[in-house]
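Take a look at the structure set out below.
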């Protein structure tokens with residue numbers, strides 16, 4: 003298992019953002035759904051080793067992120083796209099991706115090829131020398147995805163990756179997710195249930211810091227059948243039905 | 016985006032380990048706007064040179080002769096502290112164990128550059144307290160700047176040194192003698208030098224270990 007979480011909790015003052023999450027994940031694409039404030043981003047930040055849990059046990063790629071040497075190794079093999087991507091506007095696309103390849107301790111000989119490959123896989127080859135300040139929001143999102151995949155991560159964490167992408171780019175992105183999910187664990191936090199239906203092998207639904215559903219997209223769809231829950235698509239009705247039950 | 020094309024269209028030249036290290040440092044310096052900071056520090060050196068060369072007829076003359084170098088030192092410390100601001104946030108924190116070392120090195124190099132440029136600027140005229148006082152004041156105020164960057168965020172690294180400048184003005188006017196207001200003490204004062212060095216060490220440790228505070232997030236250790 004690449005991800006093993008046991009009773010993971012994170013408090014911010016009086017608010018418990020993550021309230022006892024237990025989860026196991028091997029290779030595949032895992033969708034993380036839930037309303038705003040459900041704890042998805044906090045959970046992803048803990049898995050990205052940037053936020054320490056208040057309590058509970060976490061093992062990533064067979065290592066303990068609480069240990070300094072283990073954390074260093076995890077970070078080498080991790081890809082992370084946060085909800086809001088910070089960038090230096092004077093960098094070119096290639097420089098931005100190269101910076102993260104170098105930070106992730108990639109073997110120097112592999113860096114130029116890996117950068118070119120990541121940029122190309124995100125459809126940005128023709129903009130590789132463009133300054134980030136000149137890119138649109140959707141292009142910046144793709145630059146963020148490129149830095150996350152540059153080291154061929156074994157654990158890829160993506161927070162709202164498709165925000166700002168047009169439908170064609172989203173379809174291409176889903177194909178990329180499926181391809182990476184064949185050998186790595188990909189965790190995707192999103193509000194777009196159609197992304198989950200199209201790309202994810204498993205889906206986890208969070209509400210108020212807790213997991214209220216874990217299963218396949220088909221199982222989530224089945225929860226909505228005949229429930230009369232709101233939604234334009236079967237998966238949306240499943241999502242609404244599970245949330246209604248959790249809130250009741 | 017494509018799921019199938021794994022090979023780049025052309026094979027770029029591979030980096031040597033030394034080249035990779037230098038490229039990382041270069042990109043880190045650019046992202047922290049260090050070249051711009053160096054230009055500003057050089058400009059402050061020129062301002063100090065001009066200030067010491069001319070005779071000032073404001074605020075009683077001698078007071079200006081003392082106050083202008085202190086303002087220049089404060090500005091230099093603020094510039095060093097503000098370069099601790101990084102634009103990348105969580106993406107960068109999740110990527111590397113090298114950040115504390117990069118932060119530490121850059122602060123030390125910039126502080127040394129600030130001292131070098133200001134002492135070069137001061138070499139042509141009379142600097143109250145001499146180069147020793149310049150070093151002490153710069154080191155101490157940089158420490159305050161780094162502490163405020165760690166507590167408030169890199170973009171607010173200037174708040175501490177500016178606040179401290181007002182405290183010194185009050186100390187000079189009221190005749191305070193505590194070594195914590197080292198800038199109001201004589202150049203050879205050991206207590207003031209020890210306090211300034213202690214504050215610098217605390218600031219350096221805080222900024223290296225934690226980095227500048229980012230958008231309301233407290234983070235795991237690096």
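Residue numbers (my numbering), protein chains in the order written: chain A, 3 to 250; chain B, 16 to 237. Positions of the beta carbon are idealized from the N, C-alpha and C atoms, including for glycine. Computed from a predicted model, the values in this text were never measured in an experiment.
1. Taking Cβ-Cβ distances shorter than 8 Å, what residues in chain A pair up with residue 39(B)?
2. CB residue 113(A) to CB residue 30(B), shorter than 7 Å?
3. Which residue marks the beginning of the beta strand (DSSP E) containing residue 223(A), and which one marks its end?
4. Mapping DSSP to helix, strand and coil, what is residue 199(B)?
5. Can you grab the Cα-Cα spacing for the pair residue 171(B) / residue 164(B), in whole Å?
6. Determine whether the Cβ of residue 51(A) lies closer than 7 Å to any Cβ atom of chain B.
7. Among the candidates 145(B), 222(B), 126(B) and 107(B), whose CA atom is the shortest distance from the CA of residue 57(B)?
8. Between residue 104(B) and chain A, is any beta-carbon pair separated by less than 7 Å?
9. Thinking C-beta only, is residue 58(A) closer than 7 Å to residue 9(A)?
10. With distances taken between CB atoms, is the gap from residue 218(B) to residue 162(B) smaller than 7 Å?
11. By a C-beta neighbour count over all protein chains shown, 10 Å radius and 16 as the cutoff for buried, is residue 208(A) buried or exposed?
12. Check whether the Cβ atoms of residue 154(A) and residue 191(A) sit closer than 7 Å, and answer yes or no.
13. Who pairs with residue 82(A) in a beta bridge, going by DSSP?
14. Taking the Cβ atom as the reference point for each residue, do residue 197(A) and residue 223(A) lie within a distance shorter than 7 Å?
15. Buried or exposed for residue 185(A), going by 16 or more other Cβ atoms inside 10 Å?
16. Where in the segment 77-137 of chain B do unbroken runs of the alpha helix (DSSP H), each at least 4 residues long, occur, reported from the N-terminal end onward?
17. Give me the Cα-Cα distance between residue 146(A) and residue 218(A), rounded to the nearest whole angstrom.
18. At a cut of 8 Å, does the segment 119-139 of chain B reach the segment 193-203 of chain B through at least three beta carbon pairs?
19. Apply the 10 Å Cβ neighbour rule to residue 33(B) and answer buried if 16 or more other Cβ atoms are within range, or exposed otherwise.
20. Run through chain B and tell me which residues come within less than 7 Å of residue 92(A), C-beta to C-beta.
21. Tell me which residues of the segment 108-141 of chain B have at least one Cβ-Cβ distance to chain A shorter than 7 Å, keeping chain order.
22. How many Å lie between residue 182(B) and residue 82(A) at the Cα?
23. Hey, does residue 6(A) have any beta-carbon neighbour from chain B nearer than 7 Å?
24. Where does residue 70(A) sit, in a helix, a strand or coil, going by DSSP?
25. Whole angstroms are fine: how far does the CA of residue 224(B) sit from the CA of residue 18(A)?
26. So the candidates are 235(A), 118(A) and 21(A); which of them puts its Cα closest to the Cα of residue 95(A)?
27. What residue range does the alpha helix (DSSP H) around residue 119(A) cover?
28. Please confirm whether residue 144(B) and residue 211(B) have their CB atoms less than 7 Å apart.
29. Residues of the segment 51-80 of chain A in Cβ contact with chain B at a cutoff of 7 Å, in chain order, please.
30. Taking 7 Å as the threshold (beta carbon to beta carbon), is residue 30(B) in contact with chain A?
31. Just by C-beta distance, which residues in the segment 13-40 of chain A are closer than 7 Å to chain B?
32. Return the residue from the list 157(A), 244(A) and 195(A) that minimises the CA-CA distance to residue 51(A).
33. Inspect the beta-carbon positions of residue 101(A) and residue 42(B) and report whether they are closer than 7 Å.
34. Counting only Cβ pairs nearer than 7 Å, list the residues of chain A close to residue 35(B).
35. Would you give the residue range spanned by the beta strand (DSSP E) that residue 26(A) belongs to?
36. Could you tell me which chain B residues have their CB closer than 7 Å to the CB of residue 97(A), listed as they occur along the chain?
Quick look at the numbers:
1. Your numbering for residue 39(B) matches position 24 in the second chain. Those are 101, 104 and 105, listed as they occur along chain A.
2. Here residue 113(A) is taken as the residue at index 111 of the first chain, counted from 1. Here residue 30(B) is taken as the residue at index 15 of the second chain, counted from 1. Taking 7 Å as the Cβ cut-off, residue 113(A) and residue 30(B) qualify as a contacting pair.
3. Translated into the one-based positions of the first chain, residue 223(A) becomes position 221. In the DSSP assignment, residue 223(A) falls outside any beta strand (DSSP E) and lies within the alpha helix (DSSP H) extending over 219-226.
4. Along the second chain, read from residue 1 onward, the residue named residue 199(B) stands at position 184. Of the three classes helix, strand and coil, the one that applies to residue 199(B) here is helix, per DSSP.
5. Start at 1 with the first residue of the second chain, and residue 171(B) comes out as number 156. Start at 1 with the first residue of the second chain, and residue 164(B) comes out as number 149. Distance between the alpha carbons of residue 171(B) and residue 164(B): 6 Å.
6. Residue numbering aside, residue 51(A) sits at position 49 when the first chain is read from its first letter. By this cut-off, residue 51(A) is an interface position.
7. Along the second chain, read from residue 1 onward, the residue named residue 57(B) stands at position 42. The option with the nearest alpha carbon to residue 57(B) is 126(B).
8. On the second chain, residue 104(B) is found 89 positions in, with the first residue counted as 1. Chain A contact via Cβ: present.
9. As a first step, residue 9(A) must be located in the first chain, where it is residue number 7. As a first step, residue 58(A) must be located in the first chain, where it is residue number 56. Cβ distance < 7 Å, so residue 9(A) and residue 58(A) count as in contact.
10. In the second chain, residue 218(B) corresponds to position 203, counting from 1. In the second chain, residue 162(B) corresponds to position 147, counting from 1. Cβ atoms of residue 218(B) and residue 162(B): closer than 7 Å.
11. The count along the first chain starts at 1 and reaches residue 208(A) at position 206. Residue 208(A) is buried by the Cβ-count criterion.
12. As a position in the first chain, residue 154(A) is number 152, starting the count at 1. As a position in the first chain, residue 191(A) is number 189, starting the count at 1. Cβ distance not < 7 Å, so residue 154(A) and residue 191(A) don't count as in contact.
13. Against the first chain, residue 82(A) aligns to sequence position 80. The secondary-structure analysis by DSSP pairs residue 82(A) across a beta bridge with 159(A).
14. By one-based count along the first chain, residue 197(A) stands at place 195. By one-based count along the first chain, residue 223(A) stands at place 221. Judged by beta-carbon spacing, residue 223(A) lies beyond the 7 Å limit of residue 197(A), meaning their Cβ atoms are not closer than that value.
15. Position 183 of the first chain, counted from the start, is the residue given in the question as residue 185(A). Only exposed fits residue 185(A), as fewer than 16 other CB atoms lie within 10 angstroms of its CB.
16. Uninterrupted alpha helix (DSSP H) stretches at least 4 residues long and entirely within the segment 77-137 of chain B occur at 77-97, 105-108 and 114-137, given in chain order.
17. For the purposes of this step, residue 146(A) is identified with residue 144 of the first chain, where counting begins at 1. For the purposes of this step, residue 218(A) is identified with residue 216 of the first chain, where counting begins at 1. So the two alpha carbons sit approximately 27 Å from each other.
18. These segments do not touch.
19. On the second chain, residue 33(B) is found 18 positions in, with the first residue counted as 1. By the Cβ-count criterion, residue 33(B) is exposed, with fewer than 16 other Cβ atoms from all chains shown falling within 10 Å of its own Cβ.
20. Position 90 of the first chain, counted from the first residue, corresponds to residue 92(A). The answer, in chain order, is 45.
21. Going along the segment 108-141 of chain B in chain order, one finds 108, 109, 110, 111, 112 and 113 with a Cβ nearer than 7 Å to chain A.
22. To locate residue 182(B), count along the second chain from 1; it is residue 167. To locate residue 82(A), count along the first chain from 1; it is residue 80. Looking at the backbone, the Cα of residue 182(B) and that of residue 82(A) are separated by about 44 Å.
23. The residue given as residue 6(A) occupies position 4 in the first chain. Cβ-Cβ to chain B under 7 Å: no for residue 6(A).
24. On the first chain, position 68 is the one that residue 70(A) refers to. Helix.
25. Position 16 of the first chain, counted from the start, is the residue given in the question as residue 18(A). Position 209 of the second chain, counted from the start, is the residue given in the question as residue 224(B). Distance between the alpha carbons of residue 18(A) and residue 224(B): 26 Å.
26. Here the question's residue 95(A) lines up with position 93 in the first chain. Measuring C-alpha to C-alpha distances from residue 95(A) to each of 235(A), 118(A) and 21(A) identifies 118(A) as the nearest.
27. For the purposes of this step, residue 119(A) is taken as the residue at position 117 of the first chain. That run of the alpha helix (DSSP H) goes 113-123.
28. In the second chain, counting from the first residue as 1, residue 144(B) sits at position 129. In the second chain, counting from the first residue as 1, residue 211(B) sits at position 196. Contact: no.
29. Listed in chain order, the positions of the segment 51-80 of chain A with a beta carbon within less than 7 Å of a beta carbon of chain B are 51, 52, 53, 54, 74, 77 and 80.
30. On the second chain, residue 30(B) is found 15 positions in, with the first residue counted as 1. Answer yes: the Cβ-Cβ gap between residue 30(B) and chain A drops below 7 Å somewhere.
31. The residues in question: there are none.
32. Stepping through the first chain from its first residue, residue 51(A) is reached at position 49. Of the candidates 157(A), 244(A) and 195(A), the residue whose Cα lies closest to the Cα of residue 51(A) is 157(A).
33. Numbered from its first residue, the first chain carries residue 101(A) at position 99. Numbered from its first residue, the second chain carries residue 42(B) at position 27. Yes, the pair counts as a contact, with Cβ atoms nearer than the cut-off.
34. Stepping through the second chain from its first residue, residue 35(B) is reached at position 20. Using a Cβ-Cβ cut-off of 7 Å, residue 35(B) is close to 104, 110 and 113 of chain A, given in chain order.
35. As a position in the first chain, residue 26(A) is number 24, starting the count at 1. Residue 26(A): member of the beta strand (DSSP E) spanning 17-27, first to last residue.
36. Against the first chain, residue 97(A) aligns to sequence position 95. Near residue 97(A) (Cβ distances below 7 Å), the residues of chain B are 42.
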